[in-house]
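Peer 1:
Here it is in structure tokens:
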């Protein structure tokens, strides 16, 4: 992928008159970008290609055409948006994205959302109304934690904006003593593995068609967002709560006695393709119906694949991973609800039904549903 991608991008640099002789030289800076919602949603970007440790190429689809710029980087890439996002300042430390821990303790408060699917405005609204960010979209959650429980990708037409917003919010949260957790969902898995079935036509008819770069390569291991996504976990434990996108099947529980083993196995398998995947039994378990991305057994039976869980099977999961609760997205529910006598919380509320997202709040040992206006409703 790296060689072919470089050839294509280099051609665009020549075509648009940007040469490596006219580079913008950037030095280190610790500031964080403030993402401002662009008005022109037909434009797309940035996609940042790490050509080397000292060179970055920035790629956009802007006004119906592909545009690029190249930057020489000492330790941090800093640039102002080149398209509809010209009010945005991007500051990207050129570092290796470290793998986050799988377990966290003594967290004061947790705000969780899932299944954003490229709906930038709805994501911003629920975070702002829930007190996680302010009107300037800056972190106001203090030392609290925000969990994005999978599925930022697909369906909607502002996926790129959502990703960069979460990317920058992650840095802001860390400065305030808080944390943003991005849990991988099945739609992250699909995009990284080249499944384009649910990608909005904006991307396929826009940057993919015009650049002739495959969509999955825009999130490849040499792309900044691709590197960042590949560092993320599939399941994490915060206090006594387990967060996973789809759920934990009995097959996964038996195969992976601890979360580090599960997370590392997914990370190892993400970039396997066709023939490798066909002969890799572990990857097939992870990425099929019994895996943590697609599993719906907390809600229903799938004939010939798995039975619907009961209190005993849920307790087996809780006991194995040392938690009291599990939070999942993936399977749509009418409202954020608790199941199995408060052992499981389902938070994927399809926004097309309500016109807004909902969230789950944990604070002072209690769970609350957060509606689109930020109002709290206690959950048992």
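Residue numbers (my numbering): -1 to 378. Don't be surprised by glycine CBs; every beta carbon is placed ideally from N, CA and C.
In whole angstroms, what separates the C-alpha of residue 379 from that of residue 323?
Peer 2: The requested residue 379 does not occur in the structure, where the chain is confined to residues -1 to 378.
Peer 1: Please confirm whether residue 48 and residue 220 have their CB atoms less than 7 Å apart.
Peer 2: Contact: yes.
Peer 1: If you compare alpha carbons, which of 115, 101, 171, 72 is closest to residue 131?
Peer 2: Among 115, 101, 171, 72, the Cα nearest to that of residue 131 belongs to 171.
Peer 1: Taking C-alpha atoms, which residue in 310, 309, 349, 260 lies nearest to residue 327?
Peer 2: It is 349.
Peer 1: Does DSSP put residue 114 in a helix, in a strand, or in coil?
Peer 2: Coil, per DSSP.
Peer 1: Put residue 43 into one of helix, strand or coil per three-state DSSP.
Peer 2: If DSSP states are grouped into helix, strand and coil, residue 43 belongs with the strands.
Peer 1: Name the two residues that bound the continuous beta strand (DSSP E) containing residue 145.
Peer 2: Residues 143 to 146.
Peer 1: Our contact map puts residue 223 next to residue 161 with C-beta atoms below 8 Å; I'd like the distance itself, whole angstroms only.
Peer 2: That belief holds up - the Cβ atoms of residue 223 and residue 161 are roughly 6 Å apart, short of 8 Å.
Peer 1: Can you tell which of 73, 340, 83, 263 has its C-alpha closest to the C-alpha of residue 228?
Peer 2: Closest option to residue 228, Cα to Cα, is 263.
Peer 1: Residue 290 and residue 232 - do their beta-carbons sit closer together than 7 Å?
Peer 2: The answer is yes: Cβ separation under 7 Å.
Peer 1: Counting Cβ pairs, one atom from each stretch, are 3 or more of them under 8 Å apart for the region 247 to 256 and the region 78 to 92?
Peer 2: Too few Cβ pairs lie closer than 8 Å, so no.
Peer 1: Which runs of the beta strand (DSSP E) spanning at least 3 residues fall entirely within the region 187 to 258, listed in chain order?
Peer 2: Segments of the beta strand (DSSP E) lying fully in the region 187 to 258: 233 to 236, 239 to 242.
Peer 1: Confirm, please, whether the CB-CB distance from residue 117 to residue 148 is below 7 Å.
Peer 2: No; because the gap between Cβ atoms is not below 7 Å, this pair is not in contact.
Peer 1: Compute the minimum distance between the beta carbon of residue 191 and the heavy atoms of the ligand ATP, and state whether it is under 6 Å.
Peer 2: This structure simply doesn't include the ligand ATP, nor any ligand for that matter.
Peer 1: Under the rule that 16 or more other beta-carbon atoms within 10 Å means buried, what is residue 277, buried or exposed?
Peer 2: By the 10 Å Cβ count, residue 277 comes out exposed.
Peer 1: Count the C-beta pairs between the region 255 to 274 and the region 299 to 306 that are closer than 8 Å, then say yes if the count reaches three, no if not.
Peer 2: As far as the Cβ criterion goes, the region 255 to 274 does not touch the region 299 to 306, which means the pair count is below three.
Peer 1: Measuring CB to CB, does residue 137 end up less than 7 Å from residue 174?
Peer 2: Yes, the Cβ-Cβ distance between residue 137 and residue 174 is below 7 Å.
Peer 1: Within 10 Å of its beta-carbon, does residue 363 have 16 or more other beta-carbons around it, so buried, or fewer, so exposed?
Peer 2: Label assigned to residue 363: exposed.
Peer 1: In this structure, does DSSP put residue 151 in helix, strand or coil?
Peer 2: Here residue 151 sits in coil by DSSP.
Peer 1: Am I right that residue 159 and residue 191 are in contact with their C-beta atoms under 8 Å? What's the rounded C-beta distance?
Peer 2: About 23 Å; that fails the 8 Å criterion.
Peer 1: Measuring CA to CA, which of 40, 56, 343, 258 is closest to residue 360?
Peer 2: Checked all of 40, 56, 343, 258; the closest Cα to residue 360 is 343.
Peer 1: At 3 residues or longer, and completely inside the region 54 to 93: list those beta strand (DSSP E) runs for me, N to C.
Peer 2: With a minimum length of 3 residues, the continuous beta strand (DSSP E) runs that stay inside the region 54 to 93 are 63 to 71, 74 to 78, 87 to 91.
Peer 1: Jot down the residue ranges of each uninterrupted alpha helix (DSSP H) in the region 300 to 363, minimum 4 residues, whole runs only, in chain order.
Peer 2: List check, alpha helix (DSSP H) in window: 309 to 319, 349 to 352.
Peer 1: Tell me which same chain residues have a C-beta within less than 6 Å of the C-beta of residue 42, skipping the five on either side of it?
Peer 2: For residue 42, where only same-chain residues beyond five positions count, the Cβ hits under 6 Å are 59, 158, 204, 205.
Peer 1: Return yes when the Cβ of residue 357 is within less than 7 Å of the Cβ of residue 129, no when it is not.
Peer 2: No, they are not a contact pair.
Peer 1: Residue 101 bridges to which residues according to DSSP?
Peer 2: According to DSSP, residue 101 bridges with 235.
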